[in-house]
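**Student:**
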Amino acid sequence: MHTNRRSVITEAVAPWSDIAQLLRGGEAGTLVPVIIPRHLRRLWWMLPLWLGLFALLSGVMLSLRGADSDGASDLAYGALAGLSYAVGAVLVLIGALWWWRSSIVEIEQGTHGVLTRYGAVVRTLDAGRHYLWHPWSRVDFVVDTATEIPYSAPVMACPTQENVPLRSIEFFLKFRITDAVLFVRTIGAGNFDLVLSSAVQDAIRQRARQVHTEHAYDLRGSDVADMQELLNRLLSRYGVRITGSNIPDVQLPAQYQQHLATRERVAKERTAYEQEWGLLRKRRIDSLGMDIERAKKVRDARIVEVNAALNKAREEVAQLLEEQETNAQRVRFEIETRGRSGLISAENEARAQRALAKAYRDNRAVLRYELARRRLEVGAELATKAPRPVVVRTDGGSAGTDGSALSTLLAAQLMPALSQRAGEGGLGSGAAGNAEDVDFRE
């Protein structure tokens, strides 16, 4: 539970022994970055020093007075002078030791001491032991310059863009003092608390004015780099630098919180319904995906079967085509063989016919020769055995046509007898061709 308590920055007056505790832990819930040391250093160390010098001078005076006297007075003055020297030396030694011890200043690690002389700032002292020999030099401030100091500043009744006052906006930041002299001379710890609180409230109110009330919770953990840059510009004149900042908490009004609670409940229910619907939808999608995968597997199996059947059909067709091609080739070979055989037979027959024709031609010539020879022989034999031909010659005379008619008549009467006689003699048709010529002459 947030207490919404604002941090308080202040400075404290403390002895040197308590400086480290106050710088690290603060005082009664406050932040103490600046300590004013309570100095125990006074000018009392000068008293034994001056007394010692007075005793030394007294011893010198007594020594001079004893030198002018005689006897017992000289001894008395000598004893008093020795006592004065001894007391003076002791007092000077005590004063010197007191001065040495009071001049030692030890600055805590992580802090800087502001050295002043006659009230004016001379310089800063780093961590470690320092000796302030000047009697009026002192460390007026010890400033923590290494620690990042946390600061919480809740802003109450901060209105939003719709002018709805938020209960509080808690702003947390860390700052570090970079220039100790500038910080203590310009503002101081107490005044810095007021300035820082005012600057933070102004920045938070400006940011809240830019936010809708329903988005007020978005301020928690939001980016506040622009606010940090603005605060750095404002606080750089005081030697302070903001090293980190954020908005850890935003509290809305009670009524608006109830409204937001209702909205959150409705949103959660909606989210639950959406998740349930998402699960149901996912389940259905998974079921549909499984069905699709199953259908894809069935389709792939059928595709495989169809491809197998297609491949088988292609193989059968290829085999059938191969068989048909083999049969066609065989038939072609048979046809070619038959054709070649027929061609060879035809060629052989043609050769035979040509040979036969040549033989016939040769035989015909022989036969013609034999026939001609036989004819000659027959003709010669017939010529020897045939009667002499009768040549009828008629000489054309003055009668003209009468002589021709007579010869024709005589030839007509003689020809049958000649033909019959030739037939009897076996002459045949050849004899008839060689009938005797009858020459009818007048």
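Under my numbering, think of the first position of the sequence shown as 3, with each following residue one higher. Glycine included, every Cβ here is placed at the ideal spot set by N, Cα and C.
Does the Cβ-Cβ distance between Gly1 and Leu55 come in under 8 Å?
**Tutor:** A question about residue 1 goes unanswered here, because the residues of the chain that appear run from 3 up to 444.
**Student:** With 16 as the cutoff for other CB atoms within 10 Å, does Ala14 come out buried or exposed?
**Tutor:** Buried is the call here.
**Student:** For His214, which residues in the same chain have their Cβ closer than 7 Å to its Cβ, ignoring the five residues on either side in sequence?
**Tutor:** Cβ within range, chain order: Thr162, Gln163 and Glu164.
**Student:** Here's the rule: buried if 16 or more other CB atoms are within 10 angstroms of the residue's CB, otherwise exposed. What is Gly130?
**Tutor:** Flag for Gly130 reads exposed.
**Student:** Around the C-beta of Pro17, are 16 or more other C-beta atoms found within 10 angstroms, so that it is buried, or is it exposed?
**Tutor:** Flag for Pro17 reads exposed.
**Student:** Rounded C-beta distance between Val252 and Ala227? I'm assuming under 8 Å.
**Tutor:** No, Val252 and Ala227 are not in contact; Cβ-Cβ is about 18 Å, not under 8 Å.
**Student:** Can you name, in chain order, every residue of its own chain whose Cβ lies under 6 Å from the Cβ of Val157, other than the five neighbours on each side?
**Tutor:** Correct list, in chain order: Ile171, Gln203 and Ile206.
**Student:** Using the beta-carbon count (16 or more within 10 Å), is Leu359 buried or exposed?
**Tutor:** Here residue 359 turns out to be Ala, not Leu, going by the sequence shown. When all chains shown are included, Ala359 counts as exposed.
**Student:** Which residues in the same chain as Val94 place their Cβ atom closer than 8 Å to its Cβ, once the five residues preceding and following it in sequence are excluded?
**Tutor:** Once the five neighbours on either side are set aside, the close Cβ partners of Val94 are Pro50, Leu51, Gly54, Leu55 and Leu58.
**Student:** Does the Cβ of His136 have 16 or more other Cβ atoms within 10 Å, making it buried, or fewer, making it exposed?
**Tutor:** Classification of His136: exposed, given that the 10 Å Cβ count is below 16.
**Student:** In the DSSP assignment, find the unbroken beta strand (DSSP E) run with Gly246 in it and report its ends.
**Tutor:** Per DSSP, Gly246 belongs to the beta strand (DSSP E) from Val242 to Gln253.
**Student:** Looking only at its own chain, which residues have a Cβ that is under 6 Å from the Cβ of Asp181, when we skip the five neighbours before and after it?
**Tutor:** Counting only Cβ-Cβ distances below 6 Å, and skipping sequence neighbours, we find Gly241.
**Student:** With a threshold of 6 Å on Cβ separation, who are the neighbours of Asp20 within its own chain once the five nearest residues in sequence on each side are excluded?
**Tutor:** Here the set comprises nothing.
**Student:** Can you tell me which of the three DSSP states Ile179 falls into?
**Tutor:** The answer is strand: DSSP assigns Ile179 an E or B state.
**Student:** Identify every residue that forms a DSSP beta bridge with Ala256.
**Tutor:** Beta-bridge pairing links Ala256 to no other residue.
**Student:** What are the boundary residues of the alpha helix (DSSP H) that includes Arg8?
**Tutor:** Arg8 -> no alpha helix (DSSP H), and no H or E assigned at all.
**Student:** Nearest to Val10 by CA position, among Cys160, Ser154 and Glu318, is which residue?
**Tutor:** If we check each option's Cα against that of Val10, Ser154 comes out closest.
**Student:** Is it buried or exposed for Phe335, if we count other Cβ within 10 angstroms and need 16 for buried?
**Tutor:** With fewer than 16 other Cβ atoms within 10 Å, it is exposed.
**Student:** Suppose contacts are defined by Cβ-Cβ distances below 8 Å. Is Ile38 in contact with Leu24 by that definition?
**Tutor:** In this structure, Leu24 does not lie closer than 8 Å to Ile38 by Cβ.
**Student:** Put Gly120 into one of helix, strand or coil per three-state DSSP.
**Tutor:** Gly is not the amino acid found at residue 120; the sequence shown has Tyr there. Tyr120 falls in the coil class under three-state DSSP.
**Student:** Looking at the ligand COA, does it come within less than 7 Å of Asp225, judged from the CB to the closest heavy atom?
**Tutor:** You won't find the ligand COA in this model; it holds no ligand whatsoever.
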